[in-house]
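Under this note's numbering, the first residue of the sequence shown is numbered 680, with each subsequent residue one higher. What follows is a single structure, written as structure tokens, with notes after it.
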Amino acid sequence: MLVAFATLVATLLGWVGWLTLPVAAQDQPARTSPPYDPTQVTVPTTLPFAAAGRASYLENCAPCHGETGLADGPTAADLPGPATAFADAAALWERSPAQLFHTTKFGRLEKLMPPWANQLTDDEIWNTVAYAWSLHTDADRHGAGAQLYAESCAACHGVTGAGDGPEATGEVNDFSDLAYTTFVSQAAWLEGWQTAHPDIGADWAQTQKEDVLEYIRTFSYIPPWASPYRPGAGVITGTVTFGPDAPQQLEGGNVFLDAYLGFDQIASFTATVGADNTFRFADLAVDPNITYLATALADGISYTSGMVSLTPEQPTATTNVTIYAVTDSPDAIRINRAHWILESQPGALVAVQIYLVGNDGERTFVGRTVEGVDVPVTVGFPVPADAVELSFENGALGDRFRRVGDIVYDTMPVVPGENSQQIIMQYAIPHDGSALDLKQEFAYPVDSLSLLIANYPNLRVDAPALTFDSIQTIQGAEYQVWGQTGFGPGVVEVKLQGLLEQGAVDPRAATSSSAGQLATIDPPMEAWATWVMIALVGAIMVGVVGVALQRGTLIPVTTRQELHTLRNTLLTQIAQLDDQHALGQISDADWLRRRADLKAQLMDVVRRLEGAAHTGHT
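And the structure:
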């Protein structure tokens, strides 16, 4: 299930901006962003959720502002002035959330900060701002402020800050009113507090006053250490069914229901299964952004339902969890989707492989014994003998994953169904010279394979078993896209020439002085992995890249819904490209070439949408 991918998406998704940040600011034509205008600030309709904005912050903000808000990102030194240090409370003391939203949405071009309005929705911007805001405080200070608030403020302002405390008289500020709090800074709050109630907190230290104000601020946003889950009128009912020869008892006799906001688990519930094998969960949130997943355990194996969502219009839903018998035969195992991503770095080829493994049978594959491993193993994947820095998402080598010779084995059972298990592994292959011959063996049938190779001048690729699809700009970087469907078991060979040798300069970072293009820089390497590559992995898993891989011979896009999704993605890519050109990050020639390619794809999608409308396809 993709839920288990939360850690990678939440912590590593992004950093694409590192690839194209200008460093020769003095050569940049003067550009300015509009001044702060509160009428251009959209008041959020729901509480901004900091945890939901973390991935966006890491992708779009951290390259300058730093991962922890210390203004120490890898490109901060190349800015014409210091980036805001969100970890410094003083830096935000006189800034309201509305001002941060306005800056994020419309940018500060004079300081090389692009406007994010074309890439992020207003809600996404608010979540990003909420995460940036949270970097200068923490749960401990929040707790200290909560105690002081309860002792000195709640009697009038209320437990939830709504101004409805038992001792409230007259008009009391509602700290939960987003139309009010959005436009007020911490400094303004302190000034108002000391004017209206000079006796309250008169003997407090400045840090205590700040703690109280930070606690009050959490009435209008959800900090990353708090759960955004709010119970409601939702109800999910379901049935546990048992396949032939399946175990008839659930561990503890329970079914578990987990609630997710994006990839963040925000709540968990337990229900006892009745004698008729049914279960019921009540008082659930009916937020359409929340997804529910029911799980039952039998003989140590987790079995899950499909994803369920509730809305105010449809507050009830039914689902099903099926328990299966087990087998030690791998005959029903297949790879539903495989993504192979290659990135050349000086002296090494970095590879990320993503496998979505399915089980066509009616029994859970629990594995078999192999020499050298003390537990049964399930699916296995060969890795190059000279691979280094082998690492995994959702497990570790020696624990969930075991390596015997040149094969890496998973020890997790594979339950029946498509995409029932995911494996993400990364490694680097050091090389001498500029050529490398890769051979990847697939021990199972493969429904779809996509190969994405980071593109740059002089790179030559020969993959006889694959079909070249296109050159795509994905997450701000250019990739050759190759693919094949319906093959295997077998071996796929990829021959690469023109790789970057040890000590070579990446041509993608070269300055195009003749075109007036500003110099660009690459992100630093960490254990061989480029951050843009990790961003691409995250994007693939959450579906951002999916539509880019659904072209041509790979996975045909046929339904109107898919075409609408692809159209919107292409429009977003064109907007992002225009932003890069406006900031001087790409030359006129590159901009025109890439824009023409995207527009051609867009026109094709529009024509297909019109055709689908005439034929009545849905």
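Virtual Cβ for every residue (Gly too), placed ideally from N, Cα, C.
Checklist line | THR1001: CB within 7 Å of a non-hydrogen atom of the ligand ATP | finding: For the ligand ATP, the structure offers nothing, since it holds no ligand at all.
Next item on the list: Determine the extent of the alpha helix (DSSP H) in which TYR869 is found, giving its start and end residues.
Entry: Position 190 of the sequence shown, counted from the first residue, corresponds to residue 869. In the sequence as presented, Tyr is not what sits at residue 869; that position holds Leu. First-last of the alpha helix (DSSP H) with LEU869: 865–875.
Notebook entry, point to check: Going by other Cβ atoms of all chains shown within 10 Å of its Cβ, with 16 needed for buried, is GLU889 buried or exposed?
Noted result: Position 210 of the sequence shown holds residue 889. Counting Cβ neighbours within 10 Å, GLU889 comes out buried, since at least 16 surround it.
Next item on the list: Would you check if the distance between the CB atom of ILE1012 and the CB atom of VAL1058 is smaller than 8 Å?
Entry: Start at 1 with the first residue of the sequence shown, and residue 1012 comes out as number 333. Start at 1 with the first residue of the sequence shown, and residue 1058 comes out as number 379. Less than 8 Å divides the Cβ of ILE1012 from the Cβ of VAL1058.
Check: Taking the Cβ atom as the reference point for each residue, do GLN1119 and VAL1171 lie within a distance shorter than 8 Å?
Finding: Your numbering for residue 1119 matches position 440 in the sequence shown. Your numbering for residue 1171 matches position 492 in the sequence shown. Going by C-beta atoms, GLN1119 is nearer than 8 Å to VAL1171.
Item checked: Neighbour-count burial assignment, VAL1067, 16 or more Cβ in a 10 Å radius -> As a position in the sequence shown, residue 1067 is number 388, starting the count at 1. When all chains shown are included, VAL1067 counts as exposed.
Notebook entry, point to check: Mind checking ARG1139: buried by the 16 CB within 10 Å criterion, or exposed?
Noted result: For the purposes of this step, residue 1139 is taken as residue 460 along the sequence shown, with counting starting at 1. Residue burial annotation: ARG1139 is exposed, with fewer than 16 other C-beta atoms found within 10 angstroms of its C-beta.
Next item on the list: Please state whether DSSP places TYR736 in a helix, a strand or coil.
Entry: Residue 736 sits at position 57 when you count from the first residue of the sequence shown. Helix.
Notebook entry, point to check: In this structure, does DSSP put LEU1157 in helix, strand or coil?
Noted result: For the purposes of this step, residue 1157 is taken as residue 478 along the sequence shown, with counting starting at 1. Per the sequence shown, the amino acid found at residue 1157 is Glu instead of Leu. When secondary structure is reduced to three states using DSSP, GLU1157 falls in the strand class.
Next item on the list: Could you say which of VAL1087, VAL1029, LEU779, PHE960 lies nearest to LEU1117 if we only look at CA atoms?
Entry: Here residue 1117 refers to the residue found at position 438 when the sequence shown is read from its first residue. Considering only alpha carbons, the answer is VAL1029.
Item checked: Straight-line Cα distance separating SER899 from ASP853 -> As a working note, residue 853 is residue 174 in the sequence shown. As a working note, residue 899 is residue 220 in the sequence shown. Rounded to whole angstroms, ASP853 to SER899 spans 10 Å at the Cα level.
Check: On the three-state DSSP scale, how would you describe VAL1000?
Finding: Here residue 1000 is taken as the residue at index 321 of the sequence shown, counted from 1. Residue state, collapsed to three classes: strand.
Check: Got a sec, what are the start and stop residues for the alpha helix (DSSP H) THR860 sits in?
Finding: By 1-based counting over the sequence shown, the position of residue 860 is 181. Per DSSP, the continuous alpha helix (DSSP H) segment holding THR860 begins and ends at 857–860.
Next item on the list: Could you tell me how far apart the beta carbons of TYR1175 and PRO1025 are, in whole angstroms, since I believe they sit closer than 8 Å?
Entry: In the sequence shown, the residue the question calls residue 1175 occupies position 496. In the sequence shown, the residue the question calls residue 1025 occupies position 346. The residue asked about is misnamed: residue 1175 is Leu in this sequence, not Tyr. Contact between LEU1175 and PRO1025 does not hold, since the beta-carbon distance rounds to 14 Å and is not under 8 Å.
Note to self: Let me check understanding here. Comparing Cα to Cα, which of ALA834, ALA818, ASN999, LEU940 lies closest to ALA730?
What the structure shows: Translated into positions along the sequence shown, residue 730 becomes position 51. Of the listed residues, the one whose Cα sits closest to ALA730 is LEU940.
Check: Between VAL1160 and ASP1148, which are expected to be in contact by the criterion C-beta below 8 Å, what is the C-beta distance as a whole number of angstroms?
Finding: What you label residue 1160 is simply residue 481 of the sequence shown in a count that begins at 1. What you label residue 1148 is simply residue 469 of the sequence shown in a count that begins at 1. Contact between VAL1160 and ASP1148 is confirmed by a C-beta separation of about 4 Å, below the 8 Å threshold.
Next item on the list: Determine the extent of the alpha helix (DSSP H) in which GLY822 is found, giving its start and end residues.
Entry: Counting from one through the sequence shown, the residue named residue 822 turns up at place 143. Start and end: 818–831.
Item checked: Classification of ALA734 by the beta-carbon crowding that lies within 10 angstroms, buried from 16 upward -> Here the question's residue 734 lines up with position 55 in the sequence shown. By the Cβ-count criterion, ALA734 is buried, with 16 or more other Cβ atoms from all chains shown falling within 10 Å of its own Cβ.
Next item on the list: Locate the beta strand (DSSP E) running through VAL1029, then write down its first and last residues.
Entry: Working through the sequence shown from its first residue, we reach residue 1029 at position 350. Note, VAL1029: beta strand (DSSP E), 1027–1038.
Check: Just the Cα atoms here: how many angstroms apart are ARG1081 and GLY1096?
Finding: Translated into positions along the sequence shown, residue 1081 becomes position 402. Translated into positions along the sequence shown, residue 1096 becomes position 417. Just so you know, the alpha carbons of ARG1081 and GLY1096 end up roughly 24 Å apart.
Item checked: Per DSSP, the bridge partner or partners of HIS1328 -> The requested residue 1328 does not occur in the structure, where the chain is confined to residues 680 to 1297.
Item checked: Span separating the alpha-carbon of ALA768 from that of PRO1136 -> Numbered from its first residue, the sequence shown carries residue 768 at position 89. Numbered from its first residue, the sequence shown carries residue 1136 at position 457. About 45 Å.
Next item on the list: Please name the residue or residues paired with ALA950 in a DSSP beta bridge.
Entry: Looking up residue 950 in the sequence shown gives position 271. Beta-bridge analysis with DSSP links ALA950 to VAL934.
Checklist line | Residues near SER906 by beta carbon distance below 6 Å, same chain, minus five either side | finding: Position 227 of the sequence shown holds residue 906. For SER906, where only same-chain residues beyond five positions count, the Cβ hits under 6 Å are ILE945.
Next item on the list: With DSSP collapsed to three states, give me the class of ALA750.
Entry: Residue 750 sits at position 71 when you count from the first residue of the sequence shown. Note: ALA750 maps to coil in three-state DSSP.
Next item on the list: Count the other C-beta atoms from every protein chain shown that fall within 10 angstroms of the C-beta of TYR859, then say buried if there are 16 or more, exposed otherwise.
Entry: By one-based count along the sequence shown, residue 859 stands at place 180. Exposed.
Item checked: Pick from THR983, ALA1107, LEU1115, VAL1052 that is closest to ASP1089, judged by C-alpha positions -> Position 410 of the sequence shown, counted from the start, is the residue given in the question as residue 1089. By alpha-carbon distance to ASP1089, the top candidate from THR983, ALA1107, LEU1115, VAL1052 is VAL1052.
Checklist line | Residues that SER1008 bridges to, as DSSP identifies them | finding: By one-based count along the sequence shown, residue 1008 stands at place 329. According to DSSP, SER1008 bridges with nothing at all.
Next item on the list: Please work out which residues of its chain come closer than 6 Å, Cβ to Cβ, to VAL631, disregarding the five sequence neighbours upstream and downstream, and give them in chain order.
Entry: There is no way to answer for residue 631, as the model of the chain reaches only from 680 to 1297.
Next item on the list: Express the C-alpha separation of ARG774 and PHE765 in angstroms, rounding to a whole number.
Entry: Here residue 765 corresponds to residue number 86 of the sequence shown, with the count starting at 1. Here residue 774 corresponds to residue number 95 of the sequence shown, with the count starting at 1. When rounded, the distance between both Cα atoms is 11 Å.
Check: Distance, Cα to Cα, THR951 vs ILE901?
Finding: Here the question's residue 951 lines up with position 272 in the sequence shown. Here the question's residue 901 lines up with position 222 in the sequence shown. Cα-Cα distance, rounded: 31 Å.
Notebook entry, point to check: TYR1123 by DSSP, collapsed to three states: which one?
Noted result: Taking the first residue of the sequence shown as 1, we reach residue 1123 at position 444. Three-state DSSP puts TYR1123 in coil, outside helix and strand.
Margin query: Out of ILE1150, PHE935, ALA847, ALA777, which one is the CA nearest neighbour of PRO723?
Written below: Here residue 723 is taken as the residue at index 44 of the sequence shown, counted from 1. Answer by Cα proximity: ALA777.
Item checked: TRP904 versus GLY1165 - alpha carbon distance -> For the purposes of this step, residue 904 is taken as the residue at position 225 of the sequence shown. For the purposes of this step, residue 1165 is taken as the residue at position 486 of the sequence shown. One C-alpha to the other measures close to 45 Å.
Next item on the list: Let me know the secondary structure DSSP gives PRO1061 once reduced to three states.
Entry: Reading the sequence shown from its first residue, position 382 is the one you call residue 1061. Of the three classes helix, strand and coil, the one that applies to PRO1061 here is strand, per DSSP.
Item checked: Buried or exposed (CB count within 10 angstroms, at least 16 for buried), SER1008 -> Taking the first residue of the sequence shown as 1, we reach residue 1008 at position 329. By the beta-carbon neighbour count (other beta carbons within 10 angstroms, threshold 16), SER1008 is exposed.
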